[in-house]
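Take 7 as the starting number for the sequence shown in the working numbering and just add one per residue.
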Amino acid sequence: MKFFIDTANLEQIKEAQALGILDGVTTNPSLMAKEGITGHDNILKHYKAICDIVDGDVSAEVVSTDFEGMVKEGEALADLHPQIVVKVPMIKEGLKAIAYFTEQGIRTNCTLVFSVGQALLAAKAGATYVSPFIGRLDDISTDGLVLIEDIRTVYDNYEFETQILAASVRHTMHIVECAKIGADVMTGPLNAIEGLLKHPLTDSGLEKFLADYAKGNS
Ligand code: G3P
Numbered sequence: 007m008k009f010f011i012d013t014a015n016l017e018q019i020k021e022a023q024a025l026g027i028l029d030g031v032t033t034n035p036s037l038m039a040k041e042g043i044t045g046h047d048n049i050l051k052h053y054k055a056i057c058d059i060v061d062g063d064v065s066a067e068v069v070s071t072d073f074e075g076m077v078k079e080g081e082a083l084a085d086l087h088p089q090i091v092v093k094v095p096m097i098k099e100g101l102k103a104i105a106y107f108t109e110q111g112i113r114t115n116c117t118l119v120f121s122v123g124q125a126l127l128a129a130k131a132g133a134t135y136v137s138p139f140i141g142r143l144d145d146i147s148t149d150g151l152v153l154i155e156d157i158r159t160v161y162d163n164y165e166f167e168t169q170i171l172a173a174s175v176r177h178t179m180h181i182v183e184c185a186k187i188g189a190d191v192m193t194g195p196l197n198a199i200e201g202l203l204k205h206p207l208t209d210s211g212l213e214k215f216l217a218d219y220a221k222g223n224s
């Protein structure tokens, strides 16, 4: 499973990159705003800065909602850097834009996906990634992981190449469960990724090893 970090914070991206397990970055307009990145030129500069830190795919989201606008924005984003994947919302115009980008060889991430039907359409249009938002489904008492399972089944039934990118990951167990189901990618915050490191038996075991070493070498 590929690991993406879901943030526009450069320090956190650097920290995740330093762990040696990072495969890419996802961002969205809210994450950009959270870092105080506003204005077209600054946003483009920020995407470039992210691409300079990581080796993998960097999702950059369009903010137009009409086909022409999405195409114009998406083409400019794709031209920015070879690592850019154009992130497009799952709406009618977005679907058309994904099909267009697929034909042009521009990679896409279909975002704001909350149902199997939407994921099926994204795959039919040739999206590189589909982003089901599991945390936001959990928020409304619907099991987000069941959606990942169902999309996995449908994509496997027809051997769709679209990669399932589990998004809106909120905590460490989301990552573990997504890996068990067979999501191709997960994108989550740094603390959820670092949670995978933790085990009290690792800490107490190491403490004992170091204490025994110190006894024998003092
Ligand atoms: O990857 C999608 C993500 O940015 C949304 O996460 O936590 O706002 O639902 P959240």
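Where is the CB? At the ideal position from N, CA and C, for every residue including glycine.
Computed from a predicted structure; not experimentally measured.
- Item | Between the CA atoms of residue 185 and residue 228 - distance to the nearest angstrom | Any answer about residue 228 is impossible in this case: the structure gives the chain only from 7 up to 224.
- Query: Taking the DSSP output, what are the residues bridged to residue 171?
  - Reply: Paired residue(s): 191.
- Keeping to the same chain, check which residues put their C-beta closer than 7 Å to that of residue 30; ignore five residues upstream and five downstream. Closer than 7 Å at Cβ, skipping near neighbours: 8, 10, 60, 62, 63 and 64.
- Assign residue 147 to buried or exposed, taking buried as 16 or more other Cβ atoms, counted over all protein chains shown, within 10 Å of its Cβ. Its Cβ having fewer than 16 others within 10 Å, residue 147 is exposed.
- Within 7 Å: the Cβ of residue 120 and any heavy atom of the ligand G3P? Residue 120 Cβ: outside cutoff for every heavy atom of the ligand G3P.
- Give me whichever residues DSSP pairs with residue 115 in a beta bridge. Residue pairing by DSSP puts residue 115 in a beta bridge opposite 93 and 135.
- Item | Burial state of residue 179, where buried means 16 or more other Cβ atoms lie within 10 Å | Label assigned to residue 179: exposed.
- Task: May I ask you to check if the CB of residue 137 is nearer than 7 Å to at least one heavy atom of the ligand G3P?
- Result: Checking the Cβ of residue 137 against the ligand G3P gives yes.
- Query: Roughly how many angstroms lie between the CA atoms of residue 119 and residue 56, to the nearest whole one?
  - Reply: If you take the alpha carbons of residue 119 and residue 56, they lie about 24 Å apart.
- Item | Alpha-carbon spacing of residue 151 relative to residue 215, whole angstroms | One C-alpha to the other measures close to 39 Å.
- Can you tell which of 133, 196 and 201 has the C-alpha that lies nearest to the C-alpha of residue 109? The shortest C-alpha separation from residue 109 is found at 133.
- Query: Cβ-heavy atom distance between residue 174 and the ligand G3P below 7 Å?
  - Reply: For residue 174, the shortest C-beta to heavy atom distance toward the ligand G3P is below 7 Å.
- Task: Compute the Euclidean distance between the alpha carbons of residue 39 and residue 88, then round it to the nearest angstrom.
- Result: Going from the Cα of residue 39 to the Cα of residue 88 covers about 24 Å.
- From what residue to what residue does the alpha helix (DSSP H) around residue 122 run? Residues 122–130.
- Near the ligand G3P: residue 201 beta-carbon under 7 Å from a heavy atom: Outside the cutoff, so no.
- Task: Could you tell me whether any non-hydrogen atom of the ligand G3P is closer than 7 Å to the CB of residue 25?
- Result: Relative to the ligand G3P, the beta carbon of residue 25 is positioned no closer than 7 Å to any heavy atom.
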